[in-house]
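Peer 1:
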Amino acid sequence: MLEQCPGVRNAFSTREGGVSQGIWSTMNLSYTRGDDPEHVTENYRRFAAAAGFRTEDIVSSDQTHTTNVRHVTEKDRGSGITREREFHDTDGLITDTPGVVLATYYADCVPLYFVDPVHRAIGLSHSGWRGTVHRMGAATIEAMRETFGTNPSDLLTAIGPSICQDCYEVSEDVIEQFAAAFPAELHNTLYYRKPNGRYQLNLWEANRRILLESGVPAAQIQMPNLCTCCNPTALFSHRATQGKRGNLAAFLWITATATETK
């Protein structure tokens, strides 16, 4: 669906094509998981070359389970990749600057992509269970509305590769927070209780409902068809590897040619 918007490109990494070894093999894109930094830098170089952008154009987020969203611009290029990031505790990024490549990180959590074709603006957010409870998707849409004038009904959105309900077992304390955050009529859709007293949680549907509540039309929400935990040889999964893993990354950017007639 995002490909329907001229001048906007997106990408999502896999484990393949990099130089990292061991638990990080091979395309680890995290400098914070204990991997050799030189390997991570080479992985970025390879991925950027394949995707069609420069590493110095990337602006990366944190992965701290907040609902903080930052508007990034030309001055932020390279943040977290080729130079020190000047902002922290930020799980969502928005921009209307062509050539600035937004990047957020995953290993089961939910990537949320946003494209506003009317205002030529984009957003990319990381939403784990905490971010979902606190409606990271809605926070990103509100930031785009305040910054760019985005109308949610214009947005093209996508929920990226992440953990599916069949793989995502959680405890009762997590479910209590979802029960408080979502209407009672949705509870049976979002989770179910197992005989062992634990629950299977559907982050995909929870995030879809948040986008719908925010005014995004159902036809403009692309759902994932790939579970990170079901595919641990191709994708990093925290659950599948008991935390012994690297990080995947989502990328979203506006090409320079897209805004020549803006």
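In the working numbering, the protein residues as written are 2 to 263. Using N, Cα and C, we set each Cβ at its ideal position, and we do this for glycine too.
Using 8 Å for Cβ pairs, my map puts I95 next to T148. What's the rounded Cβ distance?
Peer 2: 6 Å
Peer 1: Give me the Cα-Cα distance between L253 and Y114, rounded to the nearest whole angstrom.
Peer 2: 8 Å
Peer 1: Let me know the secondary structure DSSP gives D167 once reduced to three states.
Peer 2: helix
Peer 1: From the DSSP output, in three-state form, read off V20 for me.
Peer 2: coil
Peer 1: Apart from the five residues on each side of it in sequence, which residues of its chain come closer than 7 Å, Cβ to Cβ, to Y32?
Peer 2: P38 and V41
Peer 1: If you reduce the DSSP assignment to three classes, tell me which class N189 lands in.
Peer 2: The answer is helix: DSSP assigns N189 an H, G or I state.
Peer 1: Give every residue of the same chain whose Cβ lies closer than 8 Å to the Cβ of V119, excluding the five residues on either side of it in the sequence, and list them in chain order.
Peer 2: T151, N152 and D155
Peer 1: Rounding to the nearest angstrom, what Cα-Cα distance links S215 and G161 in this structure?
Peer 2: 18 Å
Peer 1: Please report the straight-line C-alpha distance between R246 and V217, rounded to a whole angstrom.
Peer 2: 34 Å
Peer 1: Between the alpha carbons of S172 and R194, how many angstroms are there, rounded?
Peer 2: 10 Å
Peer 1: From the DSSP secondary-structure annotation, give me the bridge partner or partners of D117.
Peer 2: Paired residues: A122.
Peer 1: Identify, in the order they occur along the chain, each residue of the same chain with its Cβ nearer than 7 Å to the Cβ of D58, setting aside the five sequence neighbours on each side.
Peer 2: Contacts found: R78, G100, V101 and V102.
Peer 1: Which same chain residues, not among the five before or five after A104, have their C-beta less than 6 Å away from its C-beta?
Peer 2: I59, S61, A250 and F252
Peer 1: Which class does R86 belong to by DSSP, given the choice of helix, strand or coil?
Peer 2: The answer is coil: DSSP assigns R86 none of H, G, I, E or B.
Peer 1: By a C-beta neighbour count over all protein chains shown, 10 Å radius and 16 as the cutoff for buried, is G23 buried or exposed?
Peer 2: exposed
Peer 1: Over the uninterrupted alpha helix (DSSP H) stretch that includes A181, give me the two end residues.
Peer 2: E173 to A182
Peer 1: What is the DSSP secondary structure of R55, counted as helix, strand or coil?
Peer 2: coil
Peer 1: Is L236 helix, strand or coil when you go by DSSP?
Peer 2: coil
Peer 1: To the nearest angstrom, how far is it from the Cα of W205 to the Cα of A139?
Peer 2: 14 Å
Peer 1: List the whole-angstrom C-beta distance separating C230 from C165, where the pair is believed to meet the contact cut-off of C-beta under 8 Å.
Peer 2: 7 Å
Peer 1: Where does H188 land, buried or exposed, given buried means 16+ other C-beta within 10 angstroms?
Peer 2: exposed
Peer 1: For T252, which beta-bridge partners are listed by DSSP?
Peer 2: Looking at the sequence itself, residue 252 is Phe, so the reference to Thr does not match. A12 and A104, per the DSSP bridge assignment.
Peer 1: I'd like the span of the beta strand (DSSP E) that includes T96, first residue to last.
Peer 2: For T96, the uninterrupted beta strand (DSSP E) run begins and ends at G93 to T96, by DSSP.
Peer 1: Taking S1 as the reference, which of T256, F237 and T242 has the closest Cα?
Peer 2: Past the edges of the chain, shown from 2 to 263, lies residue 1, and the structure says nothing about it.
Peer 1: Identify whether H72 lies in helix, strand or coil by the three-state DSSP scheme.
Peer 2: Annotated three-state conformation of H72 is strand, per DSSP.
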